[in-house]
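Notes for the one structure printed next.
There are 2 protein chains.
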Amino acid sequence: MRARDLATQFPTVTMDTPVYNAARLLAEQDLPGLIVVDGRESPLTILPGTQVLRLAVPGYCQDDPALARVVDEEHADRFLRSLAGKTVREALPREPRELPVTDPDATVLQLAALMARTRSPLVAVVDDGRLVGAVTLQALLDWAVSA
Amino acid sequence: MRARDLATQFPTVTMDTPVYNAARLLAEQDLPGLIVVDGRESPLTILPGTQVLRLAVPGYCQDDPALARVVDEEHADRFLRSLAGKTVREALPREPRELPVTDPDATVLQLAALMARTRSPLVAVVDDGRLVGAVTLQALLDWAVSA
Numbered sequence: 002m003r004a005r006d007l008a009t010q011f012p013t014v015t016m017d018t019p020v021y022n023a024a025r026l027l028a029e030q031d032l033p034g035l036i037v038v039d040g041r042e043s044p045l046t047i048l049p050g051t052q053v054l055r056l057a058v059p060g061y062c063q064d065d066p067a068l069a070r071v072v073d074e075e076h077a078d079r080f081l082r083s084l085a086g087k088t089v090r091e092a093l094p095r096e097p098r099e100l101p102v103t104d105p106d107a108t109v110l111q112l113a114a115l116m117a118r119t120r121s122p123l124v125a126v127v128d129d130g131r132l133v134g135a136v137t138l139q140a141l142l143d144w145a146v147s148a
Numbered sequence: 002m003r004a005r006d007l008a009t010q011f012p013t014v015t016m017d018t019p020v021y022n023a024a025r026l027l028a029e030q031d032l033p034g035l036i037v038v039d040g041r042e043s044p045l046t047i048l049p050g051t052q053v054l055r056l057a058v059p060g061y062c063q064d065d066p067a068l069a070r071v072v073d074e075e076h077a078d079r080f081l082r083s084l085a086g087k088t089v090r091e092a093l094p095r096e097p098r099e100l101p102v103t104d105p106d107a108t109v110l111q112l113a114a115l116m117a118r119t120r121s122p123l124v125a126v127v128d129d130g131r132l133v134g135a136v137t138l139q140a141l142l143d144w145a146v147s148a
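Okay, here's the thing in structure tokens:
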């Protein structure tokens, strides 16, 4: 079993997608993360779901989640709304990170190692610079427990 | 909206659960992670799905996922089987990590900050030392996009 066999079509966003829409896509399609592509469908960034959430959480709350308690319940409930108009580009962290990207020949063990190392439940499969699909943790585990 | 309102019952494992069974539970119930509890149902560790995978991937592959390519396809396919008999206790990393655990009064923003910070799509809700349920990234986002 290789990455090409486990990969499925996966919705993508661009740098210009509003963060709110990205979060909505994640919620509505029950995705484990998002793939940010450029105009040529080449992956720029892969964001695990928790890191999409990070785009929407103020920095001081990330440093110390207990500080989020100073925000009252009504405002806390609407934290996603506070980002109206902000795009993925504006919200991405500056520091570059290792991307969970591999080629179509990667084995199940390579995929598992990449997910474990990058803490991403989603690996983009790229052939000749182009996104051909993605392997999710769920698809990988479903295969591995039956192998 | 508070953690108690978003929390749902969540299956747990113990330190003595075989890693293979833990992976199977994750796959079959489509869980975002696992909660490891002690004999009094108090959470000892919360493992995001990618870190459950980590329990099953040899260390040298995690350090450099490209090295996983030296393992042939047949053995790669069965990487979970190679851990037959190993328990969660034996497979857990030594270094302690910040646990995504909160109390029933936590707001949506606190939950989001905790998930973003600990990179866990799962937060355990604990009242007086006892696990009362868990909030998933999916449940949090479903609420937040409709708020």
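Heads up: the protein sequence lines correspond to chains Y and U, in order.
Per my numbering, residue 2 is the first one in the first sequence, and the count goes up by one each step.
Per my numbering, residue 2 is the first one in the second sequence, and the count goes up by one each step.
Positions of the beta carbon are idealized from the N, C-alpha and C atoms, including for glycine.
Predicted model, so just to flag it, every value in this text is computed and none were measured.
If I follow the unbroken beta strand (DSSP E) through ASP128(Y), where does it start and stop? 123–128 is the span of the beta strand (DSSP E), which, as asked, contains ASP128(Y).
Could you check whether PRO12(Y) and PRO122(Y) sit closer than 8 Å to each other, using their CB atoms as the reference points? Their beta carbons are not under 8 Å apart, which means PRO122(Y) does not touch PRO12(Y) by this criterion.
Under 9 Å from the C-beta of GLY86(Y): neighbouring residues of chain U: Per Cβ cutoff of 9 Å: no residues; GLY86(Y) is ~16 Å from chain U at best.
To the nearest angstrom, report how far apart ILE36(U) and ALA125(U) are at their CA atoms. Approximately 8 Å, taken between the alpha carbons.
How many Å lie between ALA107(U) and HIS76(Y) at the Cα? Their backbone Cα atoms lie some 13 Å apart in a straight line.
Could you compute how far the alpha carbon of PRO99(Y) sits from the alpha carbon of ARG25(U)? Per the sequence shown, residue 99(Y) should be read as Glu rather than Pro. The straight-line gap from Cα to Cα measures roughly 28 Å.
Quick one: is the Cβ of PRO59(U) within less than 7 Å of any heavy atom of the ligand GTP? Because no ligand of any kind appears in the structure shown, any question about the ligand GTP cannot be addressed here.
Touch check for the stretch 85–99 of chain Y and the stretch 128–136 of chain Y: three-plus C-beta pairs under 8 Å? They do not touch, by the three-pair rule.
Hey, quick one: how far does the alpha helix (DSSP H) through THR119(Y) stretch, first residue to last? DSSP places THR119(Y) inside the alpha helix (DSSP H), whose first and last residues are 109–119.
Could you check whether the stretch 53–66 of chain U touches the stretch 113–121 of chain Y, counting it as contact only if at least three pairs of C-beta atoms, one from each stretch, sit closer than 8 Å? These segments touch.
Output needed for THR137(Y): all residues of its chain with C-beta closer than 7 Å, excluding positions within five of it in sequence on either side, in chain order. Correct list, in chain order: PRO33, PRO122, LEU123.
Would you give the residue range spanned by the beta strand (DSSP E) that VAL58(U) belongs to? Careful: VAL58(U) lies outside any beta strand (DSSP E) and carries neither H nor E.
Closer than 8 Å to chain Y by CB, GLN30(U): Chain Y contact via Cβ: absent.
Grouping DSSP H, G and I as helix and E and B as strand, with all else coil, what is GLY34(Y)? Correct three-state label for GLY34(Y): strand.
Opposite ARG3(U) in the DSSP bridges: which residues? Per DSSP, THR108(U).
So, PRO105(Y) versus ARG3(Y), is the Cβ gap smaller than 8 Å? Contact check for PRO105(Y) against ARG3(Y) passes: the beta carbons are separated by less than 8 Å.
Using the three-state DSSP reduction, which class does ALA148(U) fall into: helix, strand or coil? Under the three-state reduction of DSSP output, ALA148(U) falls in the coil class, being neither helix nor strand.
Please work out which residues of its chain come closer than 7 Å, Cβ to Cβ, to ARG70(U), disregarding the five sequence neighbours upstream and downstream, and give them in chain order. The answer is none, since no qualifying residue turns up.
Are GLY134(U) and GLN30(U) closer than 8 Å when you measure CB to CB? Between GLY134(U) and GLN30(U), the gap from beta carbon to beta carbon reaches 8 Å or more.
C-alpha gap between THR46(Y) and LEU81(Y), whole angstroms: Straight-line measurement puts the Cα of LEU81(Y) at about 21 Å from the Cα of THR46(Y).
Beta-ladder partner(s) of ALA135(U), from DSSP: Bridge partners of ALA135(U): THR9(U), ALA125(U).
Are the C-beta of ARG41(Y) and some C-beta of chain U separated by less than 8 Å? So, not an interface residue.
VAL89(Y) to VAL58(Y), Cα distance in whole Å? Here the C-alpha atom of VAL89(Y) lies approximately 13 Å from the C-alpha atom of VAL58(Y).
Within chain Y, partners of THR18(U) - CB distance below 9 Å: The premise fails here: THR18(U) is roughly 14 Å from chain Y at the closest Cβ pair, so nothing lies under 9 Å.
Taking just the CA atoms, how far does PRO44(Y) sit from VAL14(Y)? The straight-line gap from Cα to Cα measures roughly 10 Å.
What residues are listed by DSSP as bridge partners for PRO49(Y)? Within the DSSP secondary-structure output, PRO49(Y) pairs in a beta bridge with GLY34(Y).
In the DSSP assignment, what residue or residues form a beta bridge with VAL14(Y)? Residue pairing for VAL14(Y): DSSP places it in a beta bridge opposite VAL37(Y).
ASP65(U): first and last residue of the uninterrupted alpha helix (DSSP H) it sits in: Note, ASP65(U): premise wrong, no alpha helix (DSSP H); not H, not E.
Indicate whether TRP144(Y) and LEU27(Y) have their beta-carbon atoms separated by less than 8 Å. Contact flag unset, no.
Burial state of ALA85(Y) (16 or more Cβ within 10 Å): With fewer than 16 other Cβ atoms inside 10 Å of its own Cβ, ALA85(Y) counts as exposed.
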